[in-house]
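Protein chains in written order, with this note's numbering: chain G, 1 to 154; chain U, 155 to 882.
To start, the structure under review is shown below, and the notes come after it.
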Amino acid sequence: MSFEVFRDVAKPILAGFGITARRLAKPKATVQYPEERREQFPRTRWRHVLTRYDSGLERCIGCSLCAGACPARCIYVEAAENTDQERYSPGERYAVRYEINMLRCIFCGYCQEACPTGAIVLRKDFELANYEREDFIYTKEMLLEARRPEPVAH
Amino acid sequence: MAAAVQTETVAITINDIELHVPKGELIVESVKRLGLEIPIFCYHPRMKPVGMCRMCLVEVGFKQPDGSVRKMPKPQAGCTLPASEGMVVYTDTEMVHRDRKGVLEFLLINHPLDCPICDRGGECPLQNNTLAYGPSTSRFLEVKRHLPKAYPLSEYVTLDLERCIQCGRCVRFTEEISGDSQLAFRFRGASMQPSTFQLTDFESRFSGNVIEICPVGALTSSKYRFRARPWDLETRPGLCTLTPCGTNVFYDYRSGRLVRINGRTNEDVNEEWTSDTTKFGHDALYNNPNRIQVPHVREGEAFRAVEWSEAYAAVLGACEGKRTAVLAGTMLSNEDYYAWQALARTALATNHLDLRWQKTLLPASQMLKARTGLPGVQYGIADLENALAILVFGTNLAADQPMSYLRTRKAWFRNGARVVVAHHEASEAESFAHVVLRYRPGTAAELAAGLANLLAPELADATRIATPEWTEAQTGVPADRLREAAEALRGTEFAAITTHGLFDEANGVTAYQTLALLTSHAGGKFNGLVNHANEQGGREMGFAPDLGPGGEAVTAGMNTAEILQAAAKGEIDTLILVGCDPIRDFPDTALATQALENVANLVLVDSAQTEACAYASAILPMALPAERDGTYTSSERRVQRMERILKAPGESKAPWQIAMELGLRAGSSAPYFHARDVMDAIAEQVPAYAGARYQDIPETGVRLANPEGLTRSNDAVVQALQSLLGGR
Ligand code: SF4
Ligand code: SF4
Ligand code: SF4
Ligand code: SF4
Ligand code: FES
């Protein structure tokens, strides 16, 4: 083995192993997803949620401002009028249809920014894979937060 | 009449730029000449300025002899300030900006600012002005006033009192433009609110306009409420096909569905106004849940969806060698009428075709042109504005011809024209009439004779007996009133307006033709207008039993009533209905039903299911006017073009296309690929449209001129009059 071979081949390989050996002593950066999950940054923006007030009424008033702000034009809102018999949100107006095309969404969060009532928010659920293209159209039912259980009276 | 008007001009200075403007022009208009804009709320170019909102404040001064400018100590309202010599205006100074901020701050104190759910949000002058000139924050921490929200003023208009800025536009519209004076301000000061007197329903034929001119979301459309935001909408220019006026509109649609109609400016037709029929009527038509999607043929009791080719074969099979008739609705385009009459007269070998749905259907030989040589339409809508006197005869003008009504009223309101209204019942036009001639029903002809006696010396002999006193006895119109009316009209080159609706009155045809003749002899202009959307165009295309394209005489076929009578007796084998339903459209419902029951083959070309479907043997889906290209001729003979706006549902086709494809199969039609090809054929066949090309029709339309050198003949009408008057 000539000197050149040692210098150009074996030495870098050994140096590389050296790095591995040194790293072994440090804490691990990878996690065993999906069994293990890492905590996300506070401002991570993933899947949208339509939130409710504490009273259980929907925050969304069907104003379409999110649709107007959306650069990907992937929100569709259709509004209707609340009645005293059928009330979904406070005030006069609520969204009967609210759809987001997740394939087109770029998770910019402008919708959240535009919303005057804080109804649409981007939360941390990032596992959005699916098999059918149609399944990426998220409807109001899918987006709407579940009603919180009624508080127990003391 | 439009003599070159000499206007005096004055030199004014706006933002240090000198310019000459007509004396007395409002400053708010003058600044537009420089491409500048003063923010406004209450000012509207078509109404008198009132200076109610103070949004338009500007700084004003006057040039002094020594060249310096002496400013007025306080800002002035630009919308009430007429330009005068040496005036110096500033629209962009510190003071003006501070004032605008102040005005907006005051306006917003009690404003609910519920923009997210406000139907005006996104196209709201208050939003725009606040964004451009207003303060960015509010200093008003106190509780805002609360008032009823979503108060229904009428079936069409919803009032949100919290949002009203008391600009008075709506009130002034009903006073100055529509003339029904339905709205007024109740209470004063901070509690001032627009409403109807006694909180009755807002009943007006033009109520939809206040929605568009309200500078905030106080007046909104009950039909459009919450259906879309402006940025959801696509919008394209179109025409109204429900009224005969040819009103220009915008179709606003969302995801392919029509959501609202707005007025589109055309100074020659509707200025910017719409009637409620126009504004709210199209929704039911286009969003009809029973639209027909594909062709159907009957199989026993049920219908079977079929391909077009099969449907065509079925239709042609039902027509071949049979006694066939074609009836059409009044909403088709010129191209449709032309193609269908061509098909009927060649492949179907019939002259039994008609589009009229009145009771009285005149044969060509009895029509005005044949009997007097006079054209039926001598004046355009816009010309009415300059008429010194207008005679409205035998029609409820606001209902029949809404845009002619608005112009007539404008002529009175703006120019002091004297309006004479003659009708057998009350109508809106009476509110501004100089003289009202309310005749007993059925005596229109006697009244016309009485007018002729006073106004047309050439007819005096024929109407000798129709003295004012005789007329009073016959019609119940006081003799003095009649004389007064004649004085108002005499020597004024007045416009006489009536409609074909007059035919249905007793002796209505004689009344109509006498009116035309007397108007012509008295130096006036006569307008006998059709009452349905494109009836005018359909007739000119030759969709008539005894007139071919351009009015050439053809062997007379049967008219609507005769066709239905024949069908009821089983003398028609195949009846084709294009966009009409006799049960709905014909005055005699029993006859219409009987006709449809007894005809062997009923072919329906229509956009939605109607009662007639129950009797049909084949149904072909038809695209509605806004779903295809076409031209339309309004009652004032203005040809306008509407290009496709919406997608036709299912496999619907334009009626001209259906006629052409049937013709191709029968070997009689040339292939047309576009409405413009049909227009080319029309230009060849119909003299009045000679040289017309589909693409070249200007945006405002073209009004067809009447041929020169028509000779007037009295004989036929005088004869009819004499037999009428002599018979008394
Ligand atoms: S995150 Fe951005 S792209 Fe996605 S829906 Fe909201 S606005 Fe549209
Ligand atoms: S989510 Fe917010 S912005 Fe979007 S429609 Fe609802 S209220 Fe309006
Ligand atoms: S009227 Fe204009 S400013 Fe007022 S709530 Fe409606 S959109 Fe907002
Ligand atoms: S309702 Fe609209 S148009 Fe009428 S006064 Fe109020 S703001 Fe003006
Ligand atoms: S626009 Fe001049 S005062 Fe309202």
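Heads up, the beta-carbon is just placed ideally off N, CA and C, and yes, glycines get one too.
In this text, all values refer to a predicted model and were calculated from it rather than measured experimentally.
Note: M776(U) is bridge-paired with K807(U) in the DSSP secondary-structure output. The closest heavy atom of ligand 3 lies less than 7 Å from the beta carbon of L280(U). Of the candidates C278(U), G645(U), A610(U), T597(U), the residue whose Cα lies closest to the Cα of A627(U) is T597(U). When secondary structure is reduced to three states using DSSP, A587(U) falls in the coil class, being assigned neither helix nor strand. For P90(G), the distance from the CB to the nearest heavy atom of ligand 2 is not below 7 Å. Here the alpha carbons of D422(U) and N402(U) stand approximately 10 Å from one another.
Using a Cβ-Cβ cut-off of 8 Å, C63(G) counts as an interface residue toward chain U, since at least one Cβ of chain U sits closer than that to its own. Y76, V77, E78, A79, A80, E81, G91, E92: these are the residues of the stretch 75–92 of chain G whose beta carbon lies less than 9 Å from some beta carbon of chain U, given in chain order. Cβ neighbours of D135(G) within its own chain (closer than 6 Å, five residues either side excluded): none. Chain-ordered, the chain G residues with CB closer than 9 Å to the CB of R383(U) read C63, S64, L65, A67, G68, V77, A79. In the same chain as D735(U), and ignoring 5 residues on each side of it, the C-beta atoms closer than 7 Å to its own belong to T764, E765, A766, in chain order.
The beta carbon of A642(U) lies closer than 7 Å to those of A543, R572, V574, H588, V589 in the same chain, with the five residues before and after it left out. For G645(U), the closest alpha carbon among the candidates T664(U), R359(U), L672(U), A762(U) is that of L672(U).
The alpha helix (DSSP H) runs of length 4 or more contained entirely in the stretch 52–108 of chain G are, from start to end of the chain, 65–69. Between the stretch 525–544 of chain U and the stretch 644–660 of chain U, the count of Cβ pairs shorter than 8 Å is three or higher; the stretches touch.
In this structure the stretch 282–299 of chain U does not touch the stretch 177–188 of chain U; the number of beta carbon pairs closer than 8 Å is below three. Nearest Cα to F740(U) within the set A715(U), V757(U), G724(U), G711(U): A715(U). For G784(U), the enclosing beta strand (DSSP E) stretches over residues 784–787. Restricting attention to V451(U), Y287(U), T328(U), the CA atom closest to the CA of P775(U) is found in V451(U). Distances taken from the Cβ of F195(U) to the heavy atoms of ligand 5 include one shorter than 7 Å. Between the stretch 833–844 of chain U and the stretch 486–496 of chain U there are three or more C-beta pairs closer than 8 Å, enough to call the two in contact. Residue range 311–313 is occupied by the beta strand (DSSP E) that includes V311(U).
In this structure the stretch 366–373 of chain U touches the stretch 308–323 of chain U; the number of beta carbon pairs closer than 8 Å is three or more. In this structure, the alpha-carbon of Q719(U) lies about 48 Å from that of E329(U). Cβ-Cβ distances below 7 Å link R791(U) to V531, Q690, R857, L858 in the same chain, with the five nearest sequence neighbours on each side left out; the list follows chain order. Judged by beta-carbon spacing, M712(U) lies beyond the 8 Å limit of H578(U), meaning their Cβ atoms are not closer than that value. Taking 8 Å as the cut-off, the Cβ atoms of T245(U) and I168(U) count as close.
Cβ-Cβ separation between T549(U) and G655(U): approximately 6 Å, consistent with a contact (criterion under 8 Å). With the criterion set as a beta carbon lying under 9 Å from some beta carbon of chain G, the stretch 353–368 of chain U has no members that meet it.
Closest by C-alpha distance to G62(G), out of V31(G), G109(G), Y76(G), L122(G), is Y76(G). Neighbourhood of P116(G) in chain U, by CB distance below 7 Å: P270, in chain order. As DSSP reads the structure, T389(U) sits in a beta bridge with D406(U). DSSP lists R340(U) as the bridge partner or partners of Q347(U). CA-CA distance, T117(G) to R59(G), rounds to 6 Å. Check the Cα spacing between K140(G) and each of A21(G), E36(G), E99(G): the tightest is with E99(G). Burial is judged here by how many other beta carbons sit within 10 angstroms of a residue's own beta carbon; M226(U) has fewer than 16 and is exposed.
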